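Respectively, the protein sequence lines represent chains V and A.
With the first sequence counted from 1, adding 2 to any position gets you my numbering.
With the second sequence counted from 1, adding 693 to any position gets you my numbering.
Where a beta carbon is used, it is the ideal one built from N, C-alpha and C, also for glycine.
Model, not experiment: these values are computed from the prediction.
Let me begin by presenting the structure, written as structure tokens, before commenting on it.
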Amino acid sequence: MTDLNDLVNFTTTNGPAGFLALGTANGINDQEQIVGLGYYWDGTNVLTRAFLLNATP
Amino acid sequence: MDLGTLGGDSSGAIGINESGQVVGWSAGSNGALHAFRYKNGLMINLDAHGTNQSMAAAINNAGQIVGSSLIQFTDGTGLYYSPQAASFDRGLLRNLISGTNYSAASAINDRDEIAGGYTPPSGGTHAFLYRRGLLTDLGTLGGGLSVASGINDRGEIVGYSSIASQGALHPFLYSHGLMRDLGTLGGNSSVASAINNSGEIIGYSITTSNLEQHPFLYSHGRMHDLGTLGGSNVFRGGIYTSDNFATAINNRGQVVGQAIAPTARVTPFFTAKEG
Chain V
3 MTDLNDLVNF
13 TTTNGPAGFL
23 ALGTANGIND
33 QEQIVGLGYY
43 WDGTNVLTRA
53 FLLNATP
Chain A
694 MDLGTLGGDS
704 SGAIGINESG
714 QVVGWSAGSN
724 GALHAFRYKN
734 GLMINLDAHG
744 TNQSMAAAIN
754 NAGQIVGSSL
764 IQFTDGTGLY
774 YSPQAASFDR
784 GLLRNLISGT
794 NYSAASAIND
804 RDEIAGGYTP
814 PSGGTHAFLY
824 RRGLLTDLGT
834 LGGGLSVASG
844 INDRGEIVGY
854 SSIASQGALH
864 PFLYSHGLMR
874 DLGTLGGNSS
884 VASAINNSGE
894 IIGYSITTSN
904 LEQHPFLYSH
914 GRMHDLGTLG
924 GSNVFRGGIY
934 TSDNFATAIN
944 NRGQVVGQAI
954 APTARVTPFF
964 TAKEG
């Protein structure tokens, strides 16, 4: 069992726009593409955003 | 990768097919939530002509999409909104089931068979199969509640149902016209989330102590505990919860879900097929 948050480089609330963390994983296809929602920093606010992640880079 | 939004602040992805097309929900510029499909770098509103809110739950490999929309009803107390199972095709939303004040589609396979839950005329909530315009009530495991959450290309359906004796939820497998109780990891309740084309089923179950909830993989007639990331219980909203569960499985047996890390943080996980 792998923590998906260990596979991704994140931004911070002092940094540029981007994901701060992944929250839930809801789907996966046979190419190991994973979708869900994460916590996104837009430079001002923390927002809930859809993500697509390749589990095997 | 951030998939963006339909003009609002927030979005969430729920399903993906083998072409990499993604579906889910997104806020529009007015804040209302709408079903979306993301393809080739572009997110489109699947309900562009609608005035109500909607959500896409699943997409098959032909690009057919199902989910639900909020429909306005009136009763003795006034107006209220309730979900209705829907399909989305070329910007048009079509409600699948009439004559009920609740329905929602959870899954669609490559044979255009759709599974979900609805309120039948007798009341309660029952799992359904919708195929070529015909609705089949799948019944329950003895209680008054059942909901279908997954369907594979063999037409096998999984979900959860209350059982007669205790009212607790148990996972079911529906095939060849029969609903079968898959049991638990020893605790009093369990829920199935999805099934792949090999018949492998995932979900979550309360464990023997009735204190923890773990994700499971059901295969070869047995329910296997997928374990955790090391955390167990989280104190949230005044109570301890155990948010370890599996949400999806692909045809290679790889599973995603949520688990509690040793730091008590709830985090998404990915696991390769055991054994």
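Residue interval of the beta strand (DSSP E) (run including A857 (chain A)) = Sequence index remark: in the second sequence, residue 857 (chain A) carries index 164 (1-based). It is not in any beta strand (DSSP E) - A857 (chain A) carries neither H nor E in the DSSP assignment.
Hey, how far is the Cα of G708 (chain A) from the Cα of G756 (chain A)?
-> Taking the first residue of the second sequence as position 1, residue 708 (chain A) is located at position 15. Taking the first residue of the second sequence as position 1, residue 756 (chain A) is located at position 63. Computed Cα separation, rounded: 11 angstroms.
Please list the partners that S722 (chain A) has in chain V, where partner means a Cβ-to-Cβ separation under 9 angstroms.
-> The residue you call residue 722 (chain A) lines up with position 29 of the second sequence. Ordered by position in chain V, no residue passes the 9 angstroms Cβ test against S722 (chain A), which lies about 14 angstroms from the chain.
Would you say T15 (chain V) faces chain A, with C-beta separation under 8 angstroms as the test?
-> Within the first sequence, the letter at position 13 stands for residue 15 (chain V). So, not an interface residue.
Span of the beta strand (DSSP E) around V37 (chain V) | Counted from its first residue, the first sequence places residue 37 (chain V) at position 35. Segment Q35 to W43, the beta strand (DSSP E) holding V37 (chain V).
Please compile the residues from chain V whose C-beta is within a distance smaller than 9 angstroms of the C-beta of L1037 (chain A).
-> The question about residue 1037 (chain A) has no answer here: the residues shown for chain A are numbered 694 through 968.
For D702 (chain A), the three-state DSSP class (helix, strand or coil) = Taking the first residue of the second sequence as 1, we reach residue 702 (chain A) at position 9. Correct three-state label for D702 (chain A): strand.
Three-state class that DSSP yields for N710 (chain A) in the structure shown | Here residue 710 (chain A) corresponds to residue number 17 of the second sequence, with the count starting at 1. It is coil, neither helix nor strand.
Just how far apart, CA to CA, sit I942 (chain A) and N754 (chain A)?
-> Position 249 of the second sequence, counted from the first residue, corresponds to residue 942 (chain A). Position 61 of the second sequence, counted from the first residue, corresponds to residue 754 (chain A). Cα to Cα, the separation comes out at about 15 angstroms.
Could you check if I36 (chain V) is buried or exposed, using at least 16 other CB atoms within 10 Å of its CB as the buried criterion?
-> On the first sequence, position 34 is the one that residue 36 (chain V) refers to. Buried is the call here.
Would you tell me roughly how many angstroms separate the C-alpha atoms of A728 (chain A) and G25 (chain V), rounded to the nearest one?
-> Here the question's residue 728 (chain A) lines up with position 35 in the second sequence. Here the question's residue 25 (chain V) lines up with position 23 in the first sequence. If I take the Cα positions, the gap works out to 20 angstroms.
Mind checking the region 940-955 of chain A against chain V and listing, in chain order, the residues whose C-beta falls within less than 9 angstroms of any C-beta there?
-> T940, A941, I942, N943, N944, R945, Q947, V948, V949, G950, Q951, A952 and A954
8 angstroms Cβ cutoff, G25 (chain V) in contact with chain A = Residue numbering aside, residue 25 (chain V) sits at position 23 when the first sequence is read from its first letter. For G25 (chain V), the answer is yes, since a Cβ of chain A falls inside 8 angstroms of its Cβ.
Compare the beta carbon distance of A952 (chain A) and T901 (chain A) with 8 angstroms and say whether it is the shorter of the two.
-> Residue 952 (chain A) sits at position 259 when you count from the first residue of the second sequence. Residue 901 (chain A) sits at position 208 when you count from the first residue of the second sequence. Taking 8 angstroms as the Cβ cut-off, A952 (chain A) and T901 (chain A) do not qualify as a contacting pair.
Nearest to A808 (chain A) by CA position, among A:T767, A:S868 and A:L785, is which residue?
-> Residue numbering aside, residue 808 (chain A) sits at position 115 when the second sequence is read from its first letter. Taking only the C-alpha atoms, the option nearest A808 (chain A) is A:S868.
Would a C-beta distance cut-off of 8 angstroms place A798 (chain A) and A779 (chain A) closer than the cut-off?
-> Sequence index remark: in the second sequence, residue 798 (chain A) carries index 105 (1-based). Sequence index remark: in the second sequence, residue 779 (chain A) carries index 86 (1-based). A contact, by the Cβ cut-off of 8 angstroms.
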